[in-house]
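S.K.: First to last, the sequence lines map onto chains D and R.
Under our numbering, the residue at position 187 of the first sequence is numbered 1067, and the numbers go up by one with no gaps.
Under our numbering, the residue at position 67 of the second sequence is numbered 947, and the numbers go up by one with no gaps.
Protein chains: 2
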Amino acid sequence: MNPPEVLAWRDGHIEALDQTALPHQVAVLRITTVDELVEAITRLAIRGAPVLGAAGALGVALAVHQGGREGWDGARLEAQLNRIADARPTAVNLRREVSAVAAHIPHGRQAVEAAALAVVEFATAASHQISRRGAAYLREACGPGRRLRVHTHCNTGALACLGWGTGLGVIRALHEQGVLEEVIVGETRPLLQGARLTCWELGQLGIEHRLAGDGAGPFLISQGLSDAVVVGADRVAANGDVANKIGTYGLALAAHRAGIPFLVAVPESTIDEATPTGAAIPIELRADSEITVPAAPAGTKALNYAFDVTPADLISAVVTEKRLIPNGQWLNVPVP
Amino acid sequence: MNPPEVLAWRDGHIEALDQTALPHQVAVLRITTVDELVEAITRLAIRGAPVLGAAGALGVALAVHQGGREGWDGARLEAQLNRIADARPTAVNLRREVSAVAAHIPHGRQAVEAAALAVVEFATAASHQISRRGAAYLREACGPGRRLRVHTHCNTGALACLGWGTGLGVIRALHEQGVLEEVIVGETRPLLQGARLTCWELGQLGIEHRLAGDGAGPFLISQGLSDAVVVGADRVAANGDVANKIGTYGLALAAHRAGIPFLVAVPESTIDEATPTGAAIPIELRADSEITVPAAPAGTKALNYAFDVTPADLISAVVTEKRLIPNGQWLNVPVP
């Protein structure tokens, strides 16, 4: 799979792989308006924190284009940018990249496009750095010379992050280095990004993997079936607490008790110094029907949080494109 | 719902509610042969450890009837009883009740039927005792005078256990005592017994409840959304380790960290002194397709354990129809 197929800028519009259609169909969305972009983000056709950041960046270029066609004034343009920034609440990347690229608006459309494309290119390069650094950490932490079995959750590959991805990028680096034995993938209810997307990406890459129910993850870890857990994150708070797809917290508890590494792989842009702790991270509460259809009796209410927060003390390390931050040393590892 | 509808003996055959058809359809199976019974148990139309015990008991009566019709010799009858006992591997109840009722075979068909019906009646009475004792424990453990929010997993009501059930019986007792605020139900992938069966039973009883994904459970507990966790069990080892539906272990880790009670409600028959620890409990590995269909790419392999094992140190108490065994006092609470 060629990364530009995940998300690309095509002469005034965005092309994006429709991630809701995978794995059964490879469909490309042609997005020409802010409305279409917001809709694609909301229904998770475009998803994954770093890809959301890139989509936010390209969204500014799209809004400037659409504004030019339709003669928007500054207030209208700003309102549309806010709609993009607010399309999903949890990942900090979306709002951050919208703001960063919007700062170029006074310099004209070409400057905006260049800034947006730079965000995409940077995300791709960062994923490679994260992948290599994370793989080196796991090889060291698990004991050199071993073939590793890695548990992961949700989707953190090219589909979510461009390039190699973050968590799945670490796994891909282990695979290319010949030290990966198997990946165990949590299906990631309710939207099944693990089953649909991660299994698809691992299959494309020829990486051995097995799919497990989300409830099974902690037990499989307790039984010694994994040597490490690797996940991405949607936001890392200033104290090292990590917001990620619901289900992450239970895996961290299990890894902690089993004494295996729990690695969080993120771009620096996911670390939000403005959020003091995990308690300050807004957790998206999604539609009941994602959980209740089709199995529950009609009218059943649900409690459908999309993310959870894992306290910093349960995390072995956070790896970014610039640094490796081990447990307990959060404040001692400056950005190089 | 009238308990005899879950499982009943009708003049030479078994009637059983088809639990795979719920909640959309209330269908009653008429089971007249051992083949039909084994098939109903294997595909989980009849399920839940105590109901499996009762089904095993009635299965002996059924085999004796069928053997009488078809002129089986002793070896043929014994082979058929073994098929029933082996239809599911994890719950100890099935094999135990088959053996117990089979001991009456030398005394004739009427003795066998009476013994089998006694198993059903005993399970019903035991569920009421478990329910009341468990509710009293939780009211005390959570602080008297509070309205409780309880997290549960899988299905442990009348459908699984006859009478009031075990875990769900405790919840029903809290409800009847006016001290239950809400139940949070884990959907219990892959077969969704929480979503399909527990939500249906709670709806029938008029008990407030919300459905959550299995991965969400540990996080919801960490956020203070539940005051206690109550589950049933398929087998309790001699050291207090508990085998229960996959997903239980992660809830126990979360309850332990949150400092809330984690109560296991079982009939005494679920406690297996012959199994020294959880490590000796065989864990059923079920078909990949339960996990991979319909979301994963074709050909994806799965790791589909049906149960997990929760170590005794994570469990606040085990409650049975005869005793309450608090954490750490496993060997000090004799059967009264």
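A virtual CB, placed ideally from N, CA and C, is assigned to each residue, including glycine.
Anyone know if the C-beta pair for residue 1079 of chain R and residue 931 of chain R falls short of 8 Å?
M.R.: Taking the second sequence and counting its residues from 1, one reaches residue 1079 of chain R at position 199. Taking the second sequence and counting its residues from 1, one reaches residue 931 of chain R at position 51. No, the Cβ-Cβ distance between residue 1079 of chain R and residue 931 of chain R is not below 8 Å.
S.K.: Could you give the distance in angstroms between the alpha-carbon of residue 1043 of chain D and the alpha-carbon of residue 1037 of chain D?
M.R.: Here the question's residue 1043 of chain D lines up with position 163 in the first sequence. Here the question's residue 1037 of chain D lines up with position 157 in the first sequence. About 8 Å.
S.K.: For chain D, check one thing: does any of its Cβ atoms lie closer than 8 Å to the Cβ of residue 1099 of chain R?
M.R.: Looking up residue 1099 of chain R in the second sequence gives position 219. Cβ-Cβ to chain D under 8 Å: yes for residue 1099 of chain R.
S.K.: Between the stretch 1132-1158 of chain R and chain D, which residues of the former have CB atoms less than 8 Å from a CB of the latter, in chain order?
M.R.: Correct list: 1133, 1134 and 1137.
S.K.: By Cβ distance below 7 Å, which residues in the same chain neighbour residue 1094 of chain D in space, the five residues on each side in sequence not counted?
M.R.: Here the question's residue 1094 of chain D lines up with position 214 in the first sequence. Counting only Cβ-Cβ distances below 7 Å, and skipping sequence neighbours, we find 1066, 1067, 1068, 1069 and 1127.
S.K.: Can you give the Cα-Cα distance for residue 1186 of chain R and residue 1160 of chain R, rounded to whole angstroms?
M.R.: Translated into positions along the second sequence, residue 1186 of chain R becomes position 306. Translated into positions along the second sequence, residue 1160 of chain R becomes position 280. Distance between the alpha carbons of residue 1186 of chain R and residue 1160 of chain R: 16 Å.
S.K.: Does the Cβ of residue 1052 of chain D have 16 or more other Cβ atoms within 10 Å, making it buried, or fewer, making it exposed?
M.R.: Working through the first sequence from its first residue, we reach residue 1052 of chain D at position 172. Buried.
S.K.: Any beta-carbon of chain R closer than 8 Å to the one on residue 1183 of chain D?
M.R.: Residue mapping note: residue 1183 of chain D aligns to position 303 of the first sequence, counting from 1. Taking Cβ atoms only, chain R reaches closer than 8 Å to residue 1183 of chain D, which makes this a yes.
S.K.: Identify the contact partners of residue 980 of chain R in chain D, using a Cβ-Cβ distance below 9 Å as the criterion.
M.R.: Start at 1 with the first residue of the second sequence, and residue 980 of chain R comes out as number 100. Those do not exist, as residue 980 of chain R stays about 31 Å from chain D at its closest Cβ, beyond 9 Å.
S.K.: Would residue 939 of chain D be called buried (16 or more neighbouring beta carbons within 10 Å of its own) or exposed?
M.R.: If you number the first sequence from 1, residue 939 of chain D lands on position 59. Residue 939 of chain D comes out buried.
S.K.: I'd like the ranges of any beta strand (DSSP E) spanning at least 3 consecutive residues and lying wholly in the stretch 1035-1103 of chain R.
M.R.: With a minimum length of 3 residues, the continuous beta strand (DSSP E) runs that stay inside the stretch 1035-1103 of chain R are 1060-1066 and 1089-1092.
S.K.: I'd like the ranges of any alpha helix (DSSP H) spanning at least 4 consecutive residues and lying wholly in the stretch 957-988 of chain D.
M.R.: Counting whole runs of 4 or more residues, the stretch 957-988 of chain D contains the alpha helix (DSSP H) stretches 972-982.
S.K.: Using only the alpha-carbon positions, how far apart do residue 881 of chain D and residue 1084 of chain D sit?
M.R.: Looking up residue 881 of chain D in the first sequence gives position 1. Looking up residue 1084 of chain D in the first sequence gives position 204. Interpretation of residue 881 of chain D is limited by its pLDDT of 42, a score under 50 that renders its predicted location unreliable; the figure taken from the coordinates is listed afterwards. Distance between the alpha carbons of residue 881 of chain D and residue 1084 of chain D is about 8 Å.
S.K.: Pull up the distance between the alpha-carbon of residue 1195 of chain D and that of residue 1210 of chain D, whole angstroms please.
M.R.: As a working mapping, residue 1195 of chain D is identified with position 315 in the first sequence. As a working mapping, residue 1210 of chain D is identified with position 330 in the first sequence. Answer to the nearest angstrom: the Cα atoms are 11 Å apart.
S.K.: Classify residue 990 of chain R as buried or exposed, calling it buried when 16 or more other Cβ atoms lie within 10 Å of its own Cβ.
M.R.: Residue numbering aside, residue 990 of chain R sits at position 110 when the second sequence is read from its first letter. When all chains shown are included, residue 990 of chain R counts as exposed.
S.K.: Compute the Euclidean distance between the alpha carbons of residue 1006 of chain D and residue 909 of chain R, then round it to the nearest angstrom.
M.R.: As a first step, residue 1006 of chain D is located in the first sequence; it is residue number 126 there, counting from the start. As a first step, residue 909 of chain R is located in the second sequence; it is residue number 29 there, counting from the start. Roughly 59 Å separates the two Cα atoms.
S.K.: Please return the same chain residues whose Cβ sits closer than 6 Å to the Cβ of residue 1062 of chain D, not counting the five positions on each side in sequence.
M.R.: Indexing the first sequence from 1 puts residue 1062 of chain D at position 182. Answer for residue 1062 of chain D: 1029 and 1088, listed in chain order.
S.K.: If we ignore side chains and look at the alpha-carbon of each, how far apart do residue 892 of chain D and residue 922 of chain R end up?
M.R.: Walking along the first sequence from the start, residue 892 of chain D turns up at place 12. Walking along the second sequence from the start, residue 922 of chain R turns up at place 42. Each residue's alpha carbon lies about 58 Å from the other.
S.K.: Looking at the structure shown, is residue 1019 of chain R part of a helix, part of a strand, or coil, going by DSSP?
M.R.: For this step, residue 1019 of chain R is matched to residue 139 along the second sequence. Residue 1019 of chain R falls in the helix class under three-state DSSP.
S.K.: Use the C-beta contact count for residue 906 of chain R: other C-beta atoms within 10 angstroms, 16 or more gives buried, fewer gives exposed.
M.R.: Residue 906 of chain R sits at position 26 when you count from the first residue of the second sequence. With fewer than 16 other Cβ atoms within 10 Å, it is exposed.
S.K.: Using a 10 Å radius around the Cβ and a threshold of 16 neighbouring Cβ atoms, would you call residue 904 of chain R buried or exposed?
M.R.: Here residue 904 of chain R is taken as the residue at index 24 of the second sequence, counted from 1. That one is exposed.
S.K.: Any beta-carbon of chain R closer than 8 Å to the one on residue 1107 of chain D?
M.R.: As a working mapping, residue 1107 of chain D is identified with position 227 in the first sequence. Cβ-Cβ to chain R under 8 Å: no for residue 1107 of chain D.
S.K.: Quick one: list the residues of chain D neighbouring residue 1090 of chain R, beta-carbon separation under 7 Å, in chain order.
M.R.: Along the second sequence, read from residue 1 onward, the residue named residue 1090 of chain R stands at position 210. Those within 7 Å of residue 1090 of chain R in chain D are 1181, 1182 and 1183.
S.K.: Judging by CA-CA distance, which residue of D:1022, D:1167 and D:1131 is the nearest neighbour of residue 1071 of chain D?
M.R.: Here the question's residue 1071 of chain D lines up with position 191 in the first sequence. Residue 1071 of chain D has its Cα closest to that of D:1167, out of D:1022, D:1167 and D:1131.
S.K.: Pick helix, strand or coil for residue 1210 of chain R, following the three-state DSSP scheme.
M.R.: In the second sequence, counting from the first residue as 1, residue 1210 of chain R sits at position 330. In this structure, residue 1210 of chain R counts as helix in the three-state DSSP scheme.
S.K.: Is there a Cβ of chain R sitting closer than 8 Å to that of residue 881 of chain D, yes or no?
M.R.: Position 1 of the first sequence, counting from 1, holds the residue named residue 881 of chain D. Residue placement at residue 881 of chain D is flagged as unreliable, the pLDDT there being 42, under the threshold of 50; the coordinate-derived value follows with that caveat. Not one chain R Cβ lies under 8 Å of residue 881 of chain D.
S.K.: Does the beta carbon of residue 1172 of chain R come closer than 8 Å to any beta carbon on chain D?
M.R.: Here residue 1172 of chain R is taken as the residue at index 292 of the second sequence, counted from 1. At least one chain D Cβ lies under 8 Å of residue 1172 of chain R.
S.K.: Give me the Cα-Cα distance between residue 1265 of chain D and residue 958 of chain R, rounded to the nearest whole angstrom.
M.R.: In this structure chain D extends from 881 to 1216, so residue 1265 of chain D is not present and cannot be described.
S.K.: Straight-line CA distance for residue 1111 of chain D to residue 936 of chain R?
M.R.: For the purposes of this step, residue 1111 of chain D is taken as residue 231 along the first sequence, with counting starting at 1. For the purposes of this step, residue 936 of chain R is taken as residue 56 along the second sequence, with counting starting at 1. Computed Cα separation, rounded: 44 Å.
S.K.: Contact check, residue 911 of chain D vs residue 1092 of chain R under 8 Å by CB: the rounded distance?
M.R.: Start at 1 with the first residue of the first sequence, and residue 911 of chain D comes out as number 31. Start at 1 with the first residue of the second sequence, and residue 1092 of chain R comes out as number 212. Not quite, the Cβ-Cβ distance comes to about 33 Å (not below 8 Å), so this is no contact.
S.K.: Considering Cα atoms alone, identify which of D:953, D:1004, D:1122 and D:1158 is closest to residue 885 of chain D.
M.R.: The residue you call residue 885 of chain D lines up with position 5 of the first sequence. The shortest C-alpha separation from residue 885 of chain D is found at D:1004.
S.K.: Give, in chain order, every residue of the stretch 1053-1070 of chain R whose Cβ lies closer than 9 Å to some Cβ of chain D.
M.R.: For the stretch 1053-1070 of chain R, which is checked against every Cβ of chain D, the residues closer than 9 Å are 1064, 1065, 1066, 1067, 1068, 1069 and 1070.
S.K.: Name the chain D residues whose beta carbon is nearer than 8 Å to that of residue 1083 of chain R?
M.R.: As a working mapping, residue 1083 of chain R is identified with position 203 in the second sequence. 1177, 1179 and 1180, listed in chain order.
S.K.: Return the chain-ordered list of same chain residues with a C-beta closer than 7 Å to the C-beta of residue 883 of chain D, the five sequence neighbours on each side being excluded.
M.R.: What you label residue 883 of chain D is simply residue 3 of the first sequence in a count that begins at 1. In this prediction, residue 883 of chain D scores a pLDDT of 37, lower than 50, which makes its location untrustworthy; no coordinate-derived value is stated.
S.K.: Pick helix, strand or coil for residue 889 of chain R, following the three-state DSSP scheme.
M.R.: To locate residue 889 of chain R, count along the second sequence from 1; it is residue 9. In this structure, residue 889 of chain R counts as strand in the three-state DSSP scheme.
S.K.: Which chain R residues are close to residue 1072 of chain D, counting only those with a beta carbon under 7 Å from its beta carbon?
M.R.: Translated into the one-based positions of the first sequence, residue 1072 of chain D becomes position 192. Near residue 1072 of chain D (Cβ distances below 7 Å), the residues of chain R are 1175.
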